[in-house]
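Below is one structure, written out as structure tokens, with a few remarks after it.
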Amino acid sequence: MPTKLGAHVLRAAEDVGEYIQAGPAVVKFVRDWGMARDVPGGVLVIGRKCQDDYDAQHQMSTGKTPREAAEQFVRDQKTTYQANSVIEYWEGHNEPVWNTEEEMGWYAHFEVERMRMMTDMGLKCVIGNFATGSPALALWPAFLPALRAAKEHQAILGLHEYSCPWMWWMTGKHQMDPEEDQGDEGWTTLRYRKIYRQYLIPNGLGDVPLAITECGIDPLVNPKPPGAPSGTWRHLGRFWADHEDEHNKADYYFRQLVWYDEEMQKDDYVVGATIFTWGSFGKPWSDFDIAGTDVAKKLIAYTEANPARPFEYRVRPSDEEGEEGEAFDEESEEGEKEGRGLPRVQYERTYVLLPPSADAAWARAAVEGSWDKRHYTIGSSADDAGIGDLNARRVIAVNSQEWPGPTSLRDFYKKHYPGVEYTSITAETPAELAQKLADL
119 MPTKLGAHVL
129 RAAEDVGEYI
139 QAGPAVVKFV
149 RDWGMARDVP
159 GGVLVIGRKC
169 QDDYDAQHQM
179 STGKTPREAA
189 EQFVRDQKTT
199 YQANSVIEYW
209 EGHNEPVWNT
219 EEEMGWYAHF
229 EVERMRMMTD
239 MGLKCVIGNF
249 ATGSPALALW
259 PAFLPALRAA
269 KEHQAILGLH
279 EYSCPWMWWM
289 TGKHQMDPEE
299 DQGDEGWTTL
309 RYRKIYRQYL
319 IPNGLGDVPL
329 AITECGIDPL
339 VNPKPPGAPS
349 GTWRHLGRFW
359 ADHEDEHNKA
369 DYYFRQLVWY
379 DEEMQKDDYV
389 VGATIFTWGS
399 FGKPWSDFDI
409 AGTDVAKKLI
419 AYTEANPARP
429 FEYRVRPSDE
439 EGEEGEAFDE
449 ESEEGEKEGR
459 GLPRVQYERT
469 YVLLPPSADA
479 AWARAAVEGS
489 WDKRHYTIGS
499 SADDAGIGDL
509 NARRVIAVNS
519 QEWPGPTSLR
529 DFYKKHYPGV
539 EYTSITAETP
549 AELAQKLADL
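Residue numbering for the sequence shown follows the working numbering, starting at 119 and increasing by one per position.
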């Protein structure tokens, strides 16, 4: 079966390039974002920039509205996004902590605002990014508004899943209480199944893609079985040898990762999971590092033999689902949907598409250069520029090289909006743009 494992990369390190070329499902870069240029097509690439001077809890406690907080966060990270345009998906706050429905609701609306802002920049979001075993299951209904918006903005839900001293600890019958059995679910790893089965699927959100953006063995996960030490895979060799007769810690950890992979393969909505971590900046992260180890070598061979399927975002639009997560009945909706989005009469549309970085001066220049003669439509949404059942759809892309993502704008329209007549112009200043539009 195609693997769903991938790499969490703190920095360039031994073997990581070879692993990425082998065809993992997903790769997440926390710093060395330039490495994303070498990731093969079809691999989901996620970026994260650490925001060390504040977190989501601080933003809320200081009185910021969700929109104000999202504006601050995106503004503070914007230069990183623009400098690394090959990365389309970006995480927000890392492992936010919420204890009440009110707090969770605030964060849901923060994520909604962040998705809107990132969409305007031609980017997409990994939302949530909750720590292992959190938030409390009862808080998930308060996060549903963000998950509904995720389908509109092609966002992905992000979760972290670790356990200790084995990756399957607290799944199934591997519990503190010998009488407890969680079946094919878990309290830390495979917890995602509880979330989808109890909250997302019943609310028609079961097709929102999921990325486990950190996974592995974490000594901070509790409770542990009696006598089990706290440690990463590097420190558990003696324990595994004494209790499991497993004397090769690298091989045993690799087989635990394969177990987790085989579980994820059973769930279509799971895109993949990034193993924490490849590369480090010293303690404590070096304790987790698998770069240059036998774990890495085994993962490379495993992935070469089982390359991941190419990532493709596929969900049903929210208004195409029945209540309570019922399957969409295309025939019953056919009459209701007929004609939606069709123009009243045919007309020719030319859309001047400004890049995400354009400010009001560029918009005024586009008006100055085109409005009196042609009344072009002017905006900054690549989708708005292409959409519509029109006989003539023209797009004039301004400084198309500034649009992020691995796909050129020309290829974007060929794939998603065939029939668009695409041209591009380059301008150094708003004044030059106005002149070039006037000369068309």
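We put the CB at the ideal spot given by N, CA and C, even for glycine.
What is the C-beta distance between residue i and residue j, in whole angstroms, given that I count them as a contact (C-beta under 8 Å)?
i, j, result
"residue 206", "residue 473", "Contact flag wrong, Cβ pair sits at about 15 Å."
"residue 409", "residue 132", "5 Å"
"residue 508", "residue 467", "6 Å"
"residue 376", "residue 328", "With a Cβ gap of about 19 Å, residue 376 and residue 328 do not count as contacting."
"residue 194", "residue 169", "7 Å"
"residue 499", "residue 476", "Going by Cβ atoms, the distance from residue 499 to residue 476 rounds to 12 Å, so no, they are not a contact pair."
"residue 308", "residue 381", "6 Å"
Is residue i near residue j, with beta carbons less than 7 Å apart?
i, j, result
"residue 276", "residue 244", "yes"
"residue 209", "residue 247", "yes"
"residue 306", "residue 251", "yes"
"residue 496", "residue 515", "no"
"residue 506", "residue 552", "no"
"residue 126", "residue 395", "yes"
"residue 258", "residue 317", "yes"
"residue 312", "residue 273", "no"
"residue 198", "residue 167", "yes"
"residue 345", "residue 128", "no"
"residue 122", "residue 383", "yes"
"residue 554", "residue 433", "no"
Leaving out the 5 sequence neighbours to the left and right, which residues in its chain are closer than 8 Å to residue i when beta-carbon positions are compared?
i, result
"residue 154", "145, 147, 163, 165, 202, 204 and 205"
"residue 562", "It is not possible to answer for residue 562, since the shown part of the chain is limited to 119 through 558."
"residue 263", "223, 226, 227 and 230"
"residue 284", "292, 335 and 374"
"residue 189", "231 and 235"
"residue 179", "none"
Give every residue of the same chain whose Cβ lies closer than 6 Å to the Cβ of residue i, excluding the five residues on either side of it in the sequence, and list them in chain order.
i, result
"residue 347", "357"
"residue 513", "469, 471, 503, 538 and 540"
"residue 124", "142, 143, 144, 145, 390 and 392"
"residue 253", "216"
"residue 237", "271"
"residue 323", "265"
"residue 542", "515 and 518"
"residue 556", "487"
"residue 290", "300"
"residue 535", "504"
"residue 304", "288 and 289"
"residue 267", "230 and 233"
"residue 431", "272"
"residue 425", "141"
"residue 576", "Because residue 576 is not part of the residues shown, which for the chain are 119 to 558, the question remains open."
Who are the Cβ neighbours of residue i in its own chain at under 7 Å, not counting the five residues just before and after it?
i, result
"residue 454", "Residue placement at residue 454 is flagged as unreliable, the pLDDT there being 38, under the threshold of 50; a coordinate-derived value is accordingly withheld."
"residue 260", "219, 222, 223 and 226"
"residue 452", "In this prediction, residue 452 scores a pLDDT of 39, lower than 50, which makes its location untrustworthy; the coordinate-derived value is nonetheless stated afterwards. For residue 452, where only same-chain residues beyond five positions count, there are no Cβ hits under 7 Å."
"residue 157", "138, 145 and 163"
"residue 427", "120"
"residue 531", "504, 513, 538 and 540"
"residue 160", "428 and 429"
Exercise. Would you check if there are 3 or more beta carbon pairs closer than 8 Å linking the stretch 174-187 to the stretch 135-151?
Key: no
Quiz item: Is the number of C-beta pairs between the stretch 278-292 and the stretch 333-346 that are closer than 8 Å three or more?
Solution: yes
Quiz item: Which whole runs of the alpha helix (DSSP H) in the stretch 182-235 are 4 residues long or more, in chain order?
Solution: 184-201
Quiz item: Contact between the stretch 211-218 and the stretch 167-180: three or more CB pairs below 8 Å?
Solution: yes
Quiz item: Is the number of C-beta pairs between the stretch 545-552 and the stretch 232-244 that are closer than 8 Å three or more?
Solution: no
Quiz item: Does the count of Cβ pairs from the stretch 288-300 and the stretch 362-379 closer than 8 Å reach three?
Solution: no
Quiz item: Which full runs of the beta strand (DSSP E) of 3+ residues lie inside the stretch 460-502, going along the chain?
Solution: 466-471 and 495-497
Quiz prompt | Every unbroken beta strand (DSSP E) within the stretch 133-182, with a cutoff of 3 residues, ordered by chain | solution = 144-147 and 162-165
Quiz item: Counting only runs that start and end within the stretch 353-382, where is the alpha helix (DSSP H) found for 4 or more residues in a row?
Solution: 355-362 and 367-382
Quiz prompt | Start-end ranges of the alpha helix (DSSP H) lying completely within the stretch 290-331, minimum 4 residues | solution = 309-313
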